[in-house]
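Numbering (the numbering used here), first residue to last: 3 to 715. C-beta atoms are modelled at their ideal positions from N, C-alpha and C, and glycine is treated no differently. Just so we're clear, the structure is a prediction, and the values are computed from it rather than from any experiment.
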Amino acid sequence: MSKSRRSEPKESDLEPLPIYHHKSKLVRAVKDSTFLVVTGETGCGKTTQLPQYLHEAGFCKKGKIGITQPRRVAAITVAQRVAQEMGYALGREVGYQVRFDDCTTEDTEVKYMTDGCLLREVLADPGLSQYSVVILDEVHERSLNTDILLGLLKKVFSNPDKANKGRRLPLKVVVMSATMETEKLSAFLGNCPVFVIPGRIFPVKCSFGSAVGPKETESTGYVKEVVKVALDVHTSEMAGDILVFLTGQNEIERACDMLYEKAETIDYRYDVHDRTVEGLLILPLYGSMPTDQQRQIFQPPPRGIRKCVVATNIAATSLTINGIKYIVDSGFVKQLNHNSRVGLDILEVVPISKSEAEQRAGRAGRTSAGKCFRIYNKEFWEKCMPEYTIPEIQRTSLTAVVLTLKCLGVHDVIRFPYLDSPEERFILEALKQLYQFDAIDRRGRVTKLGELMVEFPLHPGLTRAVLKASSYGCPDVMLPVAAMLSVENIFIRPGHPENQKEADQRHRALGSKSGGMNDFATLLSIFQLCKSSEKPSAWCKENWIHWRALKSAFSVETQLREILLRLQQRSDFPVESFDGNKNELFRRCLCAGYFTNVARRSIGKAFCTMDGHGSMVHIHPSSALFENEKDLDWVMFHDVLVTSKVYIRTVCPIRYEWVKDLLPKLHEVDVYELSNVAREEVTDEEMAKWENKEAAKRQQEASAEEALKKLEK
Ligand code: CDP
Ligand code: MG
Numbered sequence: 003m004s005k006s007r008r009s010e011p012k013e014s015d016l017e018p019l020p021i022y023h024h025k026s027k028l029v030r031a032v033k034d035s036t037f038l039v040v041t042g043e044t045g046c047g048k049t050t051q052l053p054q055y056l057h058e059a060g061f062c063k064k065g066k067i068g069i070t071q072p073r074r075v076a077a078i079t080v081a082q083r084v085a086q087e088m089g090y091a092l093g094r095e096v097g098y099q100v101r102f103d104d105c106t107t108e109d110t111e112v113k114y115m116t117d118g119c120l121l122r123e124v125l126a127d128p129g130l131s132q133y134s135v136v137i138l139d140e141v142h143e144r145s146l147n148t149d150i151l152l153g154l155l156k157k158v159f160s161n162p163d164k165a166n167k168g169r170r171l172p173l174k175v176v177v178m179s180a181t182m183e184t185e186k187l188s189a190f191l192g193n194c195p196v197f198v199i200p201g202r203i204f205p206v207k208c209s210f211g212s213a214v215g216p217k218e219t220e221s222t223g224y225v226k227e228v229v230k231v232a233l234d235v236h237t238s239e240m241a242g243d244i245l246v247f248l249t250g251q252n253e254i255e256r257a258c259d260m261l262y263e264k265a266e267t268i269d270y271r272y273d274v275h276d277r278t279v280e281g282l283l284i285l286p287l288y289g290s291m292p293t294d295q296q297r298q299i300f301q302p303p304p305r306g307i308r309k310c311v312v313a314t315n316i317a318a319t320s321l322t323i324n325g326i327k328y329i330v331d332s333g334f335v336k337q338l339n340h341n342s343r344v345g346l347d348i349l350e351v352v353p354i355s356k357s358e359a360e361q362r363a364g365r366a367g368r369t370s371a372g373k374c375f376r377i378y379n380k381e382f383w384e385k386c387m388p389e390y391t392i393p394e395i396q397r398t399s400l401t402a403v404v405l406t407l408k409c410l411g412v413h414d415v416i417r418f419p420y421l422d423s424p425e426e427r428f429i430l431e432a433l434k435q436l437y438q439f440d441a442i443d444r445r446g447r448v449t450k451l452g453e454l455m456v457e458f459p460l461h462p463g464l465t466r467a468v469l470k471a472s473s474y475g476c477p478d479v480m481l482p483v484a485a486m487l488s489v490e491n492i493f494i495r496p497g498h499p500e501n502q503k504e505a506d507q508r509h510r511a512l513g514s515k516s517g518g519m520n521d522f523a524t525l526l527s528i529f530q531l532c533k534s535s536e537k538p539s540a541w542c543k544e545n546w547i548h549w550r551a552l553k554s555a556f557s558v559e560t561q562l563r564e565i566l567l568r569l570q571q572r573s574d575f576p577v578e579s580f581d582g583n584k585n586e587l588f589r590r591c592l593c594a595g596y597f598t599n600v601a602r603r604s605i606g607k608a609f610c611t612m613d614g615h616g617s618m619v620h621i622h623p624s625s626a627l628f629e630n631e632k633d634l635d636w637v638m639f640h641d642v643l644v645t646s647k648v649y650i651r652t653v654c655p656i657r658y659e660w661v662k663d664l665l666p667k668l669h670e671v672d673v674y675e676l677s678n679v680a681r682e683e684v685t686d687e688e689m690a691k692w693e694n695k696e697a698a699k700r701q702q703e704a705s706a707e708e709a710l711k712k713l714e715k
């Protein structure tokens, strides 16, 4: 293999990173045992340096080095950095892979990827035979996929002799964590060795504010306050960069706009020659930002200019920005939580935990003493902030993960080695959903459909809609919809009211082009119109659509199509026929996937969901159906937004007949009956008992219906 290496690995700072002094001992420790836990302060060089050390020590001669990250931005930016440090072009020897974006080749030796990507690789190759080292990074973040990978690797490699049979080199597993949960990790991995990289931390002085108290947990007024504090820091504190923590893209962009405006007025107010007032370089940082813009974050600001990075939680541990001396902490984070009120996973803004707040503050003390300004008060800290962040596995839907485990032959999903077990009812809920989607049978075994479903990096419902459409021979209507629902929001929402009015009009016009009463069809039509237009980017601008989001949707659609083509070559791929109109076919396919998200007209403008929760929901104002809801009876929706009301977004009308046969499935199995299925193979005897009970229940229902009919007569 020809190497294009131009220079020796460089250290990131002028002064070597703390990890540098432990290089040879670390390499030795990795060689010496199957599992190794490595811990050290964020920014000490774990993510960027250890893979380079292992590469240098020859670990890539007989396999790759794979490093997982919970966040895609981290995987991408870190790979860029490491490629640069090693003097390679990104995507060759050093590459990255995240969902729908693979920047690696056959020759890639050091591969950064999201934990979800590695989990997919385990599905295809449980022994991870291509790798010589797998590094699970940022384990303290406790993302769902990292937790599952930990359990799987423990299960497979606890018996290294057996697991390594036939491998060219025994697999080494390194688990890296920034915080000190190391004893627990080591105990989990059979008391494996722990390597601590001693860090240097400088004191950070934290102060509480008064803007947010226990009553303000749901307000968004904190953006204004954060901006004010950041400007105060800028005008009154000594040199040093500022890092502001907010929760998401919209908020961050709003804060940056406010900062731009205010920063300009500051410059006016003071004499430009006054050296005490430096300029302020304002940089947003969030997950779906273009990569070239992300790179800027790490560059030192021009002389005499102060950098102010406004970021999501990604800057808390995944990414380290040098030169930060001041933190402004909003106290909030956006988190995916299972909402039992509506029975769905919902992205919510919630108070951070105390440990998270400490971590944020710590970012100011990497190279010298720093300050952290919390905009919330002490009472908020005491009453609203939990001690620790709850692991994702204990607060989100497990449907996709349980299907993956089942496909890997892990039948007993309750006694799987979890670092922290999820509540049993979450596992049962996942099994119930898989059963409803026909991904598993009553004995908990994966069905043919389940085997197809697991191949798609999509929500099972969406996958089912895609598969249904393909079995009818019309994937062209569903693949674009699936792609559009998998990328960030495509509709631009301008801040200025005049522009907002125009954007609304444009969006409504796009909706009516596709019939005006179906948000899914609108997505399809936007996809097609843009794709076929001569200048797609200009088309987007004119219609207030995010061109970048659409570009990703095009690429996602291609990738989904490739997966589908591969699956269609299987002999057991389902084929069905349909003779109705296209519009109906489209909505029927959607129903196949979203019958769990069906609602029926209730009182006034409210609809009532059919999933057993019977929640009252309202159509979101952004939907094309919002103003025309009068004549609607049954609707199907893609997602839910909870504010003061529960809103359903991306909606389309359906007919009861289309879901009539599917809806009973929602109530057919009792979650608790599934607990057998969760544990072990169900015996024939148990199965018979269960079926008898079911038959009796159906009999009862039938006679009740009969009686009702008689009464009606
Ligand atoms: O993983 P850990 O938190 O221990 O540290 P790291 O991510 O390896 O970061 C080591 C150093 O590299 C820090 O000083 C970062 O600021 C720097 N770095 C950078 O300048 N640009 C990147 N894209 C990534 C890291
Ligand atoms: Mg790291």
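Inset, instruction - Below 6 angstroms CB to CB, which residues in the same chain sit around Thr49 once its five sequence neighbours on both sides are set aside? - result: Within the sequence shown, the letter at position 47 stands for residue 49. Once the five neighbours on either side are set aside, the close Cβ partners of Thr49 are Val80 and Asp139.
Inset, instruction - Report yes if the CB atom of Pro419 is closer than 7 angstroms to the CB atom of Gly153, and no otherwise. - result: Here residue 419 refers to the residue found at position 417 of the sequence shown. Here residue 153 refers to the residue found at position 151 of the sequence shown. A contact, by the Cβ cut-off of 7 angstroms.
Inset, instruction - Would you decide whether Gly606 is buried or exposed? Buried here means 16 or more other CB atoms lie within 10 Å of its CB. - result: Counting from 1 along the sequence shown, the entry for residue 606 is found at position 604. With fewer than 16 other Cβ atoms within 10 Å, it is exposed.
Inset, instruction - Using the DSSP secondary-structure output, state which residues sit across from Ile656 in a beta bridge. - result: Mapped onto the sequence shown, residue 656 falls at position 654. DSSP lists Trp636 as partners of Ile656.
Inset, instruction - Given a cut-off of 7 angstroms, decide if Phe247 and Arg362 are closer than it, judged by their beta-carbon atoms. - result: To locate residue 362, count along the sequence shown from 1; it is residue 360. To locate residue 247, count along the sequence shown from 1; it is residue 245. Yes, these two residues count as a Cβ contact at 7 angstroms.
Legend entry - Touch test, the stretch 596-611 against the stretch 488-496, Cβ-Cβ under 8 angstroms, three pairs minimum: no
Inset, instruction - Please report the Cβ distance between Leu592 and Ala485, rounded to the nearest whole angstrom; I am assuming they are in contact, meaning their Cβ atoms lie under 8 angstroms. - result: Taking the first residue of the sequence shown as 1, we reach residue 592 at position 590. Taking the first residue of the sequence shown as 1, we reach residue 485 at position 483. Wrong, their Cβ atoms sit about 15 angstroms apart, outside the cutoff.
Legend entry - Beta carbon nearer than 5 angstroms to a non-hydrogen atom of the ligand CDP: Ser14, Thr44, Gly45, Cys46, Gly47, Lys48, Thr49, Thr50, Thr79, Arg83, Phe300, Thr322 and Asn324
Inset, instruction - Report yes if the C-beta distance between Thr44 and Thr314 is below 7 angstroms; otherwise report no. - result: For this step, residue 44 is matched to residue 42 along the sequence shown. For this step, residue 314 is matched to residue 312 along the sequence shown. Not closer than 7 angstroms, so no.
Inset, instruction - Could you tell me how far apart the beta carbons of Leu282 and Arg308 are, in whole angstroms, since I believe they sit closer than 8 angstroms? - result: Counted from its first residue, the sequence shown places residue 282 at position 280. Counted from its first residue, the sequence shown places residue 308 at position 306. Their Cβ separation, rounded to whole angstroms, is 5 angstroms, which keeps Leu282 and Arg308 in contact under 8 angstroms.
Inset, instruction - Going by CA-CA distance only, name the one from Lys632, Val96, Leu52 and Arg444 that's closest to Ile199. - result: Locating residue 199 in the sequence shown gives position 197, counting from the first residue. It is Leu52.
Inset, instruction - Would you please state the rounded distance, in angstroms, between the beta carbons of Asp109 and Glu123? I believe it to be under 8 angstroms. - result: Taking the sequence shown and counting its residues from 1, the one referred to as residue 109 is at position 107. Taking the sequence shown and counting its residues from 1, the one referred to as residue 123 is at position 121. No, Asp109 and Glu123 are not in contact; Cβ-Cβ is about 17 angstroms, not under 8 angstroms.
Inset, instruction - Rounded to whole angstroms, what's the CA-CA distance from Tyr270 to Ile316? Just pull it up for me. - result: Taking the first residue of the sequence shown as 1, we reach residue 270 at position 268. Taking the first residue of the sequence shown as 1, we reach residue 316 at position 314. Confidence at Tyr270 is low in this model, with a pLDDT of 45, below 50, so its placement is unreliable and the value that follows should be read with caution. If I take the Cα positions, the gap works out to 34 angstroms.
Inset, instruction - Would you kindly work out how many angstroms separate the C-alpha atoms of Val311 and Leu664, rounded to a whole number? - result: Locating residue 311 in the sequence shown gives position 309, counting from the first residue. Locating residue 664 in the sequence shown gives position 662, counting from the first residue. Between Val311 and Leu664, the C-alpha separation is close to 50 angstroms.
Inset, instruction - Any chance you could list the alpha helix (DSSP H) runs of at least 4 consecutive residues sitting entirely within the stretch 145-181, in chain order? - result: 146-159 and 162-165
Legend entry - Alpha-carbon to alpha-carbon, Leu451 and Lys632: Residue 632 sits at position 630 when you count from the first residue of the sequence shown. Residue 451 sits at position 449 when you count from the first residue of the sequence shown. Going by the C-alpha atoms only, they are around 38 angstroms apart.
Inset, instruction - For Ser557, I'd like the list of residues in its chain whose CB is within less than 7 angstroms of its CB, leaving aside the five on either flank, ordered along the chain. - result: One-based indexing of the sequence shown puts residue 557 at position 555. Taken in chain order, the residues that qualify are Phe102.
Inset, instruction - Could you pull out every residue in the same chain whose Cβ sits closer than 8 angstroms to the Cβ of Leu125, ignoring the five residues on either side in sequence? - result: Translated into positions along the sequence shown, residue 125 becomes position 123. Within the same chain, Leu125 has close Cβ partners Thr406, Cys409, Leu410 and Val456.
Inset, instruction - Helix, strand or coil for Gly578, going by three-state DSSP, please let me know. - result: By 1-based counting over the sequence shown, the position of residue 578 is 576. The question names Gly, but residue 578 in the sequence shown is Glu. Note: Glu578 maps to coil in three-state DSSP.
Inset, instruction - Would you identify the three-state DSSP class for Thr449, choosing helix, strand or coil? - result: On the sequence shown, position 447 is the one that residue 449 refers to. Reduced to three states, the DSSP call for Thr449 is coil.
Inset, instruction - Could you tell me if Asn161 is buried or exposed, where buried requires 16 or more neighbouring beta carbons within 10 angstroms of its beta carbon? - result: Counting from one through the sequence shown, the residue named residue 161 turns up at place 159. Answer is exposed; the Cβ neighbour count stays below 16.
Inset, instruction - Grab the span of the beta strand (DSSP E) containing Leu38 for me, first residue to last. - result: In the sequence shown, the residue the question calls residue 38 occupies position 36. Taken as a continuous stretch (DSSP letters only), the beta strand (DSSP E) holding Leu38 covers Phe37 to Gly42.
Legend entry - Three-state secondary structure assigned by DSSP to Lys712: Translated into positions along the sequence shown, residue 712 becomes position 710. DSSP places Lys712 in helix when its eight states are reduced to three.
Legend entry - Euclidean distance between Cα positions of Ala511 and Leu349: One-based indexing of the sequence shown puts residue 511 at position 509. One-based indexing of the sequence shown puts residue 349 at position 347. Looking at the two C-alpha atoms, the distance is approximately 29 angstroms.
Legend entry - Same chain, Cβ closer than 7 angstroms to Ser188, five either side skipped, listed in chain order: Along the sequence shown, one-based indexing puts residue 188 at 186. Result list for Ser188: Val39, Cys194 and Val196, in chain order.
Inset, instruction - Measure the Cβ-Cβ separation of Glu578 and Ser473 and say whether it is below 7 angstroms. - result: On the sequence shown, position 576 is the one that residue 578 refers to. On the sequence shown, position 471 is the one that residue 473 refers to. Result yes, Cβ atoms of Glu578 and Ser473 sit closer than 7 angstroms.
Legend entry - Exposed unless 16 or more other CB atoms sit within 10 angstroms - verdict on Asn694: The residue given as residue 694 occupies position 692 in the sequence shown. It is exposed - the Cβ of Asn694 has fewer than 16 other Cβ atoms within 10 Å.
Legend entry - Helix, strand or coil at Arg277 [DSSP, three-state]: In the sequence shown, the residue the question calls residue 277 occupies position 275. The pLDDT assigned to Arg277 is 33, lower than 50, so where the model puts this residue is not dependable, and the model offers no usable value.
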